[in-house]
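A.B. asks: This is the structure I want to talk about, given as structure tokens.
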Amino acid sequence: MNAYTQVLFKNRRPNETILLPEYEKNGGYQGLRAAMKMSPAEVCELVKGSGLRGRGGAGFPTGIKWSFFPADQPGDKYLVCNGDEMEPGTYKDRQLLLADPHQLVEGMAIAAYALQTQIGYIFLRYAYEDCFQRLERAIEEAVEAGYLGGNILGSGFDVELHVHGSAGRYILGEETSQLNGLEGRRPNPRSKPPFPAQRGLFGLPTNVNNVETLATVPHILTHGTAWFQDLALNPESAGTKLFGLSGHLNRTECFELPLGITLREVVEDFGGGVRGGKKFKACLPGGASTPYLNTDHLDVMMDFNPLEEVESRLGTAGVTVFDEDTCMVAVTRNLNQFFARESCGWCTPCRDGLSTISWLLDRIEFGQATNDDLAMLKDQVKNIKGRSFCALAEGAMGPVEALLRLYEDEIKDHIRKGCCPFN
Amino acid sequence: MKELLPQKQIDSFKAKAAAIAHPHELIVDQLRAIQLHHGWVPDDGVLLTAETLGVLPIEVEEVATFYDKIFRREVGKRVIHVCDSICCWSTGAEMITEHLMKTLGIGLGETTADGIFTLLPTCCLGACGDAPAMMIGFTTHGLLTTEKIDAILQRERAAVAAEV
Chain A
-1 MNAYTQVLFK NRRPNETILL PEYEKNGGYQ GLRAAMKMSP AEVCELVKGS GLRGRGGAGF
59 PTGIKWSFFP ADQPGDKYLV CNGDEMEPGT YKDRQLLLAD PHQLVEGMAI AAYALQTQIG
119 YIFLRYAYED CFQRLERAIE EAVEAGYLGG NILGSGFDVE LHVHGSAGRY ILGEETSQLN
179 GLEGRRPNPR SKPPFPAQRG LFGLPTNVNN VETLATVPHI LTHGTAWFQD LALNPESAGT
239 KLFGLSGHLN RTECFELPLG ITLREVVEDF GGGVRGGKKF KACLPGGAST PYLNTDHLDV
299 MMDFNPLEEV ESRLGTAGVT VFDEDTCMVA VTRNLNQFFA RESCGWCTPC RDGLSTISWL
359 LDRIEFGQAT NDDLAMLKDQ VKNIKGRSFC ALAEGAMGPV EALLRLYEDE IKDHIRKGCC
419 PFN
Chain B
4 MKELLPQKQI DSFKAKAAAI AHPHELIVDQ LRAIQLHHGW VPDDGVLLTA ETLGVLPIEV
64 EEVATFYDKI FRREVGKRVI HVCDSICCWS TGAEMITEHL MKTLGIGLGE TTADGIFTLL
124 PTCCLGACGD APAMMIGFTT HGLLTTEKID AILQRERAAV AAEV
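Here's what the structure looks like:
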């Protein structure tokens, strides 16, 4: 059914995990071998030239992030893989790790060499015990085969990987909170600057990348930058992306699709259309923090820049679809409750602001609100945006702003009728 | 009192802590180990972790109380984390939660009188394609229906009975 080139999912089979011999047979670890024939700076340049953008949500160019890293500074430095993946609607990294974990191991070995870091941590959320076990096995296999450990592939370069199992909380996905979490400290976010590249884990230079980002790197080394760029349907972009479909669709699965595919194709061809024969109303295009898209956006390209042009974001590409009977106030209320509950409480705009927004959305949903509450909701969004310590509250405002921009009529309907018009 | 952690594991944590420059990094690991063995982390578990790793009890406590999957109060033999995030909510999580509460006869945050189940709401479990979902232990159960839940609870009850 999926006619597009499969890169990260090319070895994927239902309910199976690929072991080292099959991974090698299908071209595995050729990227690492290619990297070892290059200088670390050349590997960084290649990744920069590929146009790879971070797949964890922010979309920052990976090669540029690597170029900020003081690879030539002597002493210990760290590489961290962010596998926290707690944004509702996002389950792509789990699918990748369950199917083919060696891609991440190989990607980390290449990144470690490029950045001259000798210790890497893979940070996994509590619920991903299944991934934990598969990664531990993949690491053992890689050490035995000489892809990890001392003097990898006879290069004189050493790298060791550790898997860290966390214990739950969304804020751990924020890179500086994650570093505090890895250090065994209360995982509030840290002030930036200094950025982790200068002062990260245990006070030393640290580079943090997402699972999907690092797993993509070996393929770029193996096939080259032109091949990677050609994978995308949008000529201004590069590569494929894992899209996790959820919500009111007939098929809620994870697909590997080219960047630049339209939302319509994702919903209709891959999601099988809206379930129950209902009409599409809206979706979160990339996880719980991304502003809604509606029917006006069905032909937008699912890619970083095109989605920013319509005031949304690609985020993690976890596409959650809502049908025509869905109350968008209720959706936003649920999303905001998540963010309010997961606030670490470190700063006032997030701790108190998100609770106030939850209270206002409750009043609107349950028919107790007045126009003053609507004005207060708008005011609160302005007060929170850009004023919180980290991006959690900023992300929480994405759906609320989109509710006000796209569905203010629905809010007013709740106020006028004194109840939820969808119940 | 039930053993917090086997001596062999305590010795292993002690040895690891002595061998690394930053023993704090083992706090979450040891708290998880205590919980896996003992079911939850009592005050003595916090003190044991501090002593084993050579850190302050307050440093362990501030970590232990931050995470929602570290239990600082006694829980049942099986903790049910039922997801209420957007993908599960939009596919019937409220109905699933109501069924669990009715069947178990408890509210969210409570433990059944027989001490078998504790029911907790949870944020996204990373099973959004299989929503609605819940997790018991480390096992995620997706595409839940009331019939499926009844069968799972029955299996878990039988497993607990076999453990005694």
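From first to last, the protein sequence lines are chains A and B. Going by the numbering used here, the first residue of the first sequence is number -1, and it counts up by one from there. Going by the numbering used here, the first residue of the second sequence is number 4, and it counts up by one from there. Using N, Cα and C, we set each Cβ at its ideal position, and we do this for glycine too. Model, not experiment: these values are computed from the prediction.
For a cutoff of 8 Å on Cβ pairs, would you count GLY79(B) as touching chain E?
C.D. replies: The displayed structure is made up of protein chains A and B, and chain E is not among them.
A.B. asks: Report all residues from its chain with a CB closer than 6 Å to the CB of TYR168(A); omit the five preceding and five following residues, and keep chain order.
C.D. replies: Looking up residue 168(A) in the first sequence gives position 170. Correct list, in chain order: MET84 and GLU340.
A.B. asks: Under the DSSP definition of a beta bridge, which residues are partnered with LEU282(A)?
C.D. replies: Numbered from 1 along the first sequence, position 284 holds the residue referred to as residue 282(A). Bridge partners of LEU282(A): THR318(A).
A.B. asks: Nearest chain A C-beta to SER93(B) closer than 8 Å, yes or no?
C.D. replies: Position 90 of the second sequence holds residue 93(B). Closer than 8 Å to some Cβ of chain A, the Cβ of SER93(B) qualifies, so yes.
A.B. asks: Quick check: the Cα distance between ARG31(A) and ILE73(B), rounded to an integer number of angstroms?
C.D. replies: Residue 31(A) sits at position 33 when you count from the first residue of the first sequence. Residue 73(B) sits at position 70 when you count from the first residue of the second sequence. Distance between ARG31(A) and ILE73(B), taken at the CA atoms: about 42 Å.
A.B. asks: Is PHE253(A) near LEU261(A), with beta carbons less than 8 Å apart?
C.D. replies: To locate residue 253(A), count along the first sequence from 1; it is residue 255. To locate residue 261(A), count along the first sequence from 1; it is residue 263. Contact flag unset, no.
A.B. asks: Please decide whether LYS72(B) counts as near chain A, where near means a Cβ-Cβ distance under 8 Å.
C.D. replies: The sequence position of residue 72(B) within the second sequence is 69, counting from 1. For LYS72(B), the answer is yes, since a Cβ of chain A falls inside 8 Å of its Cβ.
A.B. asks: TYR76(A) to GLY29(A), Cα distance in whole Å?
C.D. replies: Counting from one through the first sequence, the residue named residue 76(A) turns up at place 78. Counting from one through the first sequence, the residue named residue 29(A) turns up at place 31. Taking C-alpha positions only, TYR76(A) is separated from GLY29(A) by approximately 21 Å.
A.B. asks: Report all residues from its chain with a CB closer than 7 Å to the CB of VAL272(A); omit the five preceding and five following residues, and keep chain order.
C.D. replies: Within the first sequence, the letter at position 274 stands for residue 272(A). Scanning its chain for C-beta atoms nearer than 7 Å, with the 5 sequence neighbours on each side dropped, one finds around VAL272(A) the residues HIS246, LEU247, PHE278, VAL319 and ASP321, in chain order.
A.B. asks: Return the residue from the list MET138(B), GLU6(B) and GLU28(B) that minimises the CA-CA distance to PHE16(B).
C.D. replies: Locating residue 16(B) in the second sequence gives position 13, where the first residue counts as 1. The shortest C-alpha separation from PHE16(B) is found at GLU28(B).
A.B. asks: CB GLY284(A) to CB GLY237(A), shorter than 8 Å?
C.D. replies: Position 286 of the first sequence, counting from 1, holds the residue named residue 284(A). Position 239 of the first sequence, counting from 1, holds the residue named residue 237(A). Their beta carbons are not under 8 Å apart, which means GLY284(A) does not touch GLY237(A) by this criterion.
A.B. asks: So, are the CB atoms of HIS100(A) and ALA165(A) less than 8 Å apart?
C.D. replies: Against the first sequence, residue 100(A) aligns to sequence position 102. Against the first sequence, residue 165(A) aligns to sequence position 167. Their beta carbons are not under 8 Å apart, which means HIS100(A) does not touch ALA165(A) by this criterion.
A.B. asks: Residues in the region 17 to 33 of chain B with C-beta within 7 Å of chain A's C-beta atoms, listed in sequence order?
C.D. replies: HIS25, HIS27, GLU28, LEU29, ILE30 and VAL31
A.B. asks: What residues in its chain sit with their C-beta under 8 Å from that of MET34(A), if we drop five residues either side in the sequence?
C.D. replies: In the first sequence, counting from the first residue as 1, residue 34(A) sits at position 36. Answer for MET34(A): TYR111, ILE150, LEU151, SER153 and PHE155, listed in chain order.
A.B. asks: Does the Cβ of ASN334(A) have 16 or more other Cβ atoms within 10 Å, making it buried, or fewer, making it exposed?
C.D. replies: Here residue 334(A) refers to the residue found at position 336 of the first sequence. ASN334(A) comes out buried.
A.B. asks: Can you say whether ALA154(B) is buried or exposed, counting buried as having 16 or more other CB atoms within 10 angstroms of its CB?
C.D. replies: Walking along the second sequence from the start, residue 154(B) turns up at place 151. ALA154(B) is exposed by the Cβ-count criterion.
A.B. asks: LEU177(A) lies in the alpha helix (DSSP H); which residues open and close that run?
C.D. replies: Indexing the first sequence from 1 puts residue 177(A) at position 179. In the DSSP assignment, LEU177(A) falls within the alpha helix (DSSP H) that extends over 173 to 180.
A.B. asks: Between MET84(A) and chain B, is any beta-carbon pair separated by less than 8 Å?
C.D. replies: Locating residue 84(A) in the first sequence gives position 86, counting from the first residue. It does: the Cβ of MET84(A) has a partner Cβ on chain B nearer than 8 Å.
A.B. asks: Is CYS252(A) helix, strand or coil when you go by DSSP?
C.D. replies: Taking the first residue of the first sequence as 1, we reach residue 252(A) at position 254. In this structure, CYS252(A) counts as strand in the three-state DSSP scheme.
A.B. asks: Measuring only the C-alpha atoms, how far is LEU177(A) from GLY25(A)?
C.D. replies: Position 179 of the first sequence, counting from 1, holds the residue named residue 177(A). Position 27 of the first sequence, counting from 1, holds the residue named residue 25(A). Approximately 33 Å, taken between the alpha carbons.
A.B. asks: With a cut-off of 8 Å, do at least 3 Cβ pairs link the region 11 to 19 of chain A to the region 195 to 208 of chain A?
C.D. replies: Too few Cβ pairs lie closer than 8 Å, so no.
A.B. asks: If you reduce the DSSP assignment to three classes, tell me which class THR100(B) lands in.
C.D. replies: If you number the second sequence from 1, residue 100(B) lands on position 97. If DSSP states are grouped into helix, strand and coil, THR100(B) belongs with the helices.
A.B. asks: With a Cβ-Cβ cutoff of 8 Å, do LYS90(A) and LEU240(A) count as a contact?
C.D. replies: The sequence position of residue 90(A) within the first sequence is 92, counting from 1. The sequence position of residue 240(A) within the first sequence is 242, counting from 1. A contact, by the Cβ cut-off of 8 Å.
A.B. asks: Could you pull the start and end residues of the alpha helix (DSSP H) that THR211(A) belongs to?
C.D. replies: As a first step, residue 211(A) must be located in the first sequence, where it is residue number 213. 209 to 221 is the extent of the alpha helix (DSSP H) around THR211(A).
A.B. asks: Name, please, each residue of chain A whose Cβ falls closer than 8 Å to the Cβ of MET138(B).
C.D. replies: On the second sequence, position 135 is the one that residue 138(B) refers to. Within 8 Å Cβ-Cβ: ALA125.
A.B. asks: Identify every residue that forms a DSSP beta bridge with THR142(B).
C.D. replies: For the purposes of this step, residue 142(B) is taken as residue 139 along the second sequence, with counting starting at 1. For THR142(B), which the question treats as bridged, DSSP gives the partners ILE139(B).
A.B. asks: For PRO26(B), does the three-state DSSP call read helix, strand or coil?
C.D. replies: Counted from its first residue, the second sequence places residue 26(B) at position 23. Of the three classes helix, strand and coil, the one that applies to PRO26(B) here is helix, per DSSP.
A.B. asks: State the DSSP-derived secondary structure class of LYS239(A), mapped to helix, strand or coil.
C.D. replies: In the first sequence, the residue the question calls residue 239(A) occupies position 241. If DSSP states are grouped into helix, strand and coil, LYS239(A) belongs with the strands.
A.B. asks: Measuring CA to CA, which of PHE420(A), LYS376(A) and ASN205(A) is closest to PHE364(A)?
C.D. replies: Taking the first residue of the first sequence as position 1, residue 364(A) is located at position 366. Checked all of PHE420(A), LYS376(A) and ASN205(A); the closest Cα to PHE364(A) is PHE420(A).
A.B. asks: Could I get the ranges of all uninterrupted beta strand (DSSP E) runs contained in the region 297 to 356 of chain A, with 3 residues as the minimum, in chain order?
C.D. replies: 316 to 321
A.B. asks: What distance in whole Å lies between the Cβ atoms of ALA373(A) and HIS412(A), which are believed to be in contact at a cut-off of 8 Å?
C.D. replies: Counting from one through the first sequence, the residue named residue 412(A) turns up at place 414. Counting from one through the first sequence, the residue named residue 373(A) turns up at place 375. Wrong, their Cβ atoms sit about 15 Å apart, outside the cutoff.
A.B. asks: Got a sec, what are the start and stop residues for the beta strand (DSSP E) ASN80(A) sits in?
C.D. replies: Here residue 80(A) refers to the residue found at position 82 of the first sequence. Start and end: 76 to 81.
A.B. asks: Strictly under 8 Å for the Cβ-Cβ distance: is THR106(B) near chain A by that measure?
C.D. replies: If you number the second sequence from 1, residue 106(B) lands on position 103. Chain A contact via Cβ: absent.
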